[in-house]
Amino acid sequence: SSIFVRTNSPLSGKIPSDLKEIIQKGIDGIVIPKVNNVAELKKIQKILSSLEKSKKLKPIQIIPSIESAEGVVNSYSIASFGKRVNAIVFGIFDLLNDLGVEYTIDSPGGKYSRYKIPVDAAAAGISAIDGIWQDLKDLKGLETDCNFGKSLGYAGKSVIHPDQIPTVHQSFYPNKTEISWAEKVCKVYLESTKKGKGATTVDGKMIDEVHYKQAKALLDIVK
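Structure below.
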């Protein structure tokens, strides 16, 4: 497992002092809330590079959290900032405040942004992490929300309490049916390519390189 520490937001002015306290051996990365643009990340990277050099540390990873209208507009440039950024997080509450929209479970005001973030992350070649589920007691609702997030392309979900972790893990970790499908796709597709064919079928459905890559990525999670 990796250890990531959440800092204050760039606009707080506290990140320089946060990083001086946080960055040390054993810390893999930082989660930065309310990132609005690449300029903020450049300032943070400069501080990190200096601390890494002085403390002889490996490069620290950055997970920016997109929580504002400006952040959503800039989410692709944030996601594609560089090797330090290996994931972005979607946060809905401050965004809805920017939009002047009241929060409800099905707030339509946040739907566009929730759909956009995993697309931008995928285009940048990194993962997207879905926002929190606020109701601690409603684990069934959490499961439903996890499954919906997964269907949008999110690779995981933020939690606010340890009791939510098993539900999130169960929802995002490939199940037996998915693993079986992926193994079959990889086997059949590779056999097909050896015969010089680019497409074949699995259980009566056409598959090609796209399905093979999807299946391989799923199996990489299991390993």
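Heads up: take any position in the sequence shown, counting from 1, add 507, and you land on our numbering. Glycine included, every Cβ here is placed at the ideal spot set by N, Cα and C.
Legend entry - Three-state class that DSSP yields for residue 562 in the structure shown: By one-based count along the sequence shown, residue 562 stands at place 55. Note: residue 562 maps to helix in three-state DSSP.
Legend entry - Residue interval of the alpha helix (DSSP H) (run including residue 621): As a position in the sequence shown, residue 621 is number 114, starting the count at 1. Segment 618-631, the alpha helix (DSSP H) holding residue 621.
Inset, instruction - Within its chain, find whatever has a CB closer than 8 angstroms to the CB of residue 705; leave out the 5 residues flanking it on each side and keep chain order. - result: Residue 705 sits at position 198 when you count from the first residue of the sequence shown. The beta carbon of residue 705 sits closer than 8 angstroms to those of 699, 715 and 716, all from its chain and outside the five residues before and after it, given in chain order.
Inset, instruction - Put residue 578 into one of helix, strand or coil per three-state DSSP. - result: To locate residue 578, count along the sequence shown from 1; it is residue 71. Residue 578 carries a helical assignment under DSSP once its states are collapsed to helix, strand and coil.
Legend entry - Exposed unless 16 or more other CB atoms sit within 10 angstroms - verdict on residue 696: Within the sequence shown, the letter at position 189 stands for residue 696. By the neighbour-count rule (16 or more Cβ atoms within 10 Å), residue 696 is buried.
Legend entry - Given 8 angstroms, three or more beta-carbon pairs between the segment 559-570 and the segment 611-630: Verdict: no, contact absent.
Legend entry - Cβ contact check for the segment 633-641 and the segment 590-607: 3 or more pairs under 8 angstroms: The segment 633-641 makes contact with the segment 590-607, as at least three CB pairs between them are under 8 angstroms.
Legend entry - Proximal residues to residue 533 (C-beta, below 8 angstroms), its chain only, five neighbours per side dropped: For the purposes of this step, residue 533 is taken as the residue at position 26 of the sequence shown. Taken in chain order, the residues that qualify are 510.
Inset, instruction - Go ahead and label residue 514 buried or exposed: buried means 16 or more other beta carbons lie within 10 angstroms of its beta carbon, across all protein chains shown. - result: Here residue 514 refers to the residue found at position 7 when the sequence shown is read from its first residue. When all chains shown are included, residue 514 counts as buried.
Inset, instruction - Let me know the beta strand (DSSP E) ranges lying completely inside the segment 675-723, each 3 residues or longer, listed in chain order. - result: Counting whole runs of 3 or more residues, the segment 675-723 contains the beta strand (DSSP E) stretches 707-709 and 712-714.
Legend entry - Sheet register partners of residue 513 (DSSP bridge): Residue mapping note: residue 513 aligns to position 6 of the sequence shown, counting from 1. Checking the DSSP bridge columns, you'll see residue 513 partnered with 538.
Legend entry - Segment limits, alpha helix (DSSP H) that includes residue 658: Along the sequence shown, read from residue 1 onward, the residue named residue 658 stands at position 151. It spans 646-659 - the alpha helix (DSSP H) in which residue 658 sits, taken as one unbroken run.
Inset, instruction - In angstroms with no decimal places, state the Cα-to-Cα distance between residue 626 and residue 722. - result: Counted from its first residue, the sequence shown places residue 626 at position 119. Counted from its first residue, the sequence shown places residue 722 at position 215. Cα-Cα distance, rounded: 19 angstroms.
Legend entry - Assigned exposure category for residue 540 - 16 Cβ within 10 Å defines buried: Residue 540 sits at position 33 when you count from the first residue of the sequence shown. So residue 540 counts as buried.
Inset, instruction - Look at the Cβ atom of residue 575, then the Cβ atom of residue 548, and state whether they are nearer than 8 angstroms. - result: Numbered from 1 along the sequence shown, position 68 holds the residue referred to as residue 575. Numbered from 1 along the sequence shown, position 41 holds the residue referred to as residue 548. In this structure, residue 575 keeps its C-beta atom at 8 angstroms or more from the C-beta atom of residue 548.
Legend entry - residue 600 - containing alpha helix (DSSP H), residue span: As a first step, residue 600 must be located in the sequence shown, where it is residue number 93. First-last of the alpha helix (DSSP H) with residue 600: 600-606.
Inset, instruction - Decide yes or no for the touch test of the segment 662-674 against the segment 684-692: beta carbon pairs closer than 8 angstroms, at least 3 of them. - result: Verdict: no, contact absent.
Inset, instruction - Could you pull the start and end residues of the beta strand (DSSP E) that residue 571 belongs to? - result: Residue numbering aside, residue 571 sits at position 64 when the sequence shown is read from its first letter. Judged by DSSP secondary structure, residue 571 falls within the beta strand (DSSP E) whose first and last residues are 568-573.
Legend entry - Residue(s) in a DSSP beta bridge with residue 634: Translated into positions along the sequence shown, residue 634 becomes position 127. Residue pairing of residue 634 in beta bridges, as defined by DSSP: 594.
Inset, instruction - Whole angstroms is fine: what's the gap from residue 672's alpha carbon to residue 644's? - result: One-based indexing of the sequence shown puts residue 672 at position 165. One-based indexing of the sequence shown puts residue 644 at position 137. The C-alpha of residue 644 is placed about 13 angstroms away from the C-alpha of residue 672.
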